[in-house]
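Novice:
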Amino acid sequence: MFKRISSSQKPEQHSVFDRYVKVTKPGIIMGNLISVAGGYFLAARGDIDWVLMLVTIIGLSLVVASGCAINNCIDRDIDAKMQRTRNRVTVTGEMSLKAALAHGLVLGVVGFGLLAYFTNEVAVFFAAFGYFVYVGLYSLYFKRNSVYGTLIGSLSGAVPPVVGYCSVTGQFDAGAAILLVMFSIWQMPHSYAIAIFRYKDYAAAGIPVLPVAQGIQKAKHHIVLWIAVFAIASAMLPLTGYVGVGFMAVAACTSLWWLGMAIKGYRADIDVNRWARQVFFFSIITVTALSITMSLDFRAVAPDYLVMLSH
């Protein structure tokens, strides 16, 4: 009556330590580290307080880990329906929801405590804003109920470089605004590409991402459009004088290459899944390259017109 599960089909058993690490989605945490550092170095302009930088990275990483752990609690039902997530420790029962939730809350308290003590109100505000958007808006409602879930979630994904930047400046200025817009826009084609090559997973879980809700062809249009807008947004940092020609060159090269890659998706003979994976992987290359470049190619002196605007 019951089909025997082979050893290759059984979910991997994790140690207690591994469970507490995996429930925080360490891949997402690592992906945010470079953008946090990029925002910090951009704002510091060579005058680096290494202790502040380290505490900012650790504090925000703990906040992100907290949000991810609680997200795993919220998403346990839909995670069980997706090939990619069905072996998460909250789905297999290796970790109880009570333990995962408590773990997430403790990480959040420690993370926000570090940011509150060592940084400033603006940095803490944006960390809290990103947390609220990800856990409160995206995870609890928009992910499951709206095609606009990706757009809402993009706001939380754009918070790390802003927190890094504001931990130095203590204010939300034009540079922070550009980072927020730039990284929000980047999330859109990045996420739509994932939704295309993970189409079956999202469809099985009933998640109304754009490719599932309105078709892959429309998602292709949006990917091209968002990458084009991203190219414009990333050009705003050098145009407003926050970074130099080096950043402009890297931004232009990566954005145009990414755009050209996206346009290839219209070819009739294209392997859609392979193409979407290429768009996704190049999105990682793009944001990493820009985060590193802004760390190195900052302007030591603010442009004259920004000084004029402050008077």
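Under the numbering used here, the sequence shown has 370 at position 231, and the numbering climbs by one with no breaks.
For every residue, glycine included, the Cβ atom is placed at its ideal position computed from N, Cα and C.
#1: What are the boundary residues of the alpha helix (DSSP H) that includes residue 347?
#2: Select from 436, 351, 245 the residue whose C-alpha is nearest the C-alpha of residue 383.
#3: Restricting to Cα atoms, I'd like to know which of 203, 375, 262, 359 is closest to residue 245.
#4: Which of the three DSSP states, helix, strand or coil, is assigned to residue 190?
#5: Rounded to the nearest angstrom, what separates residue 210 and residue 164 at their Cα positions?
#6: Is residue 311 helix, strand or coil when you go by DSSP?
#7: Can you tell me where the alpha helix (DSSP H) with residue 375 in it begins and where it stops?
#8: Rank 161, 201, 385, 236 by C-alpha distance to the C-alpha of residue 171 and give the top, closest one.
#9: Judging by CA-CA distance, which residue of 397, 322, 238, 391 is the nearest neighbour of residue 156?
#10: Can you give me the C-alpha to C-alpha distance between residue 391 and residue 242, rounded to a whole angstrom?
#11: Assess, as a yes-or-no matter, whether the segment 354-370 is touched by the segment 301-314 under the definition of 3 or more beta carbon pairs within less than 8 Å.
#12: How would you write the range of the alpha helix (DSSP H) that residue 430 sits in, first residue to last?
#13: Give the C-beta separation of residue 363 and residue 401 to the nearest angstrom, bearing in mind that I take them to be a contact with Cβ-Cβ under 8 Å.
#14: In this structure, how does DSSP classify residue 382 when only helix, strand and coil are distinguished?
#15: Would you call residue 298 buried or exposed, if buried means 16 or more other Cβ atoms sit within 10 Å of its Cβ?
#16: Mapping the DSSP letters down to three states, classify residue 297 as helix, strand or coil.
Specialist: On the basis of the supplied data:
#1: Careful: residue 347 lies outside any alpha helix (DSSP H) and carries neither H nor E.
#2: Checked all of 436, 351, 245; the closest Cα to residue 383 is 436.
#3: Of all alpha-carbon atoms in 203, 375, 262, 359, the one lying nearest the alpha-carbon of residue 245 is that of 203.
#4: When secondary structure is reduced to three states using DSSP, residue 190 falls in the helix class.
#5: C-alpha separation (whole angstroms): 10 Å.
#6: Here DSSP, grouped into helix, strand and coil, assigns residue 311 to coil.
#7: Per DSSP, residue 375 belongs to the alpha helix (DSSP H) from 355-378.
#8: Per the C-alpha coordinates, the member of 161, 201, 385, 236 positioned closest to residue 171 is 201.
#9: Minimum Cα distance to residue 156 is reached at 238.
#10: C-alpha separation (whole angstroms): 42 Å.
#11: Segments in contact, no.
#12: 411-435 is the extent of the alpha helix (DSSP H) around residue 430.
#13: In this structure residue 363 is in contact with residue 401, their Cβ atoms being roughly 5 Å apart against a cut-off of 8 Å.
#14: Collapsing the DSSP output to three states places residue 382 in a strand.
#15: Its Cβ being crowded by 16 or more others within 10 Å, residue 298 is buried.
#16: Coil.
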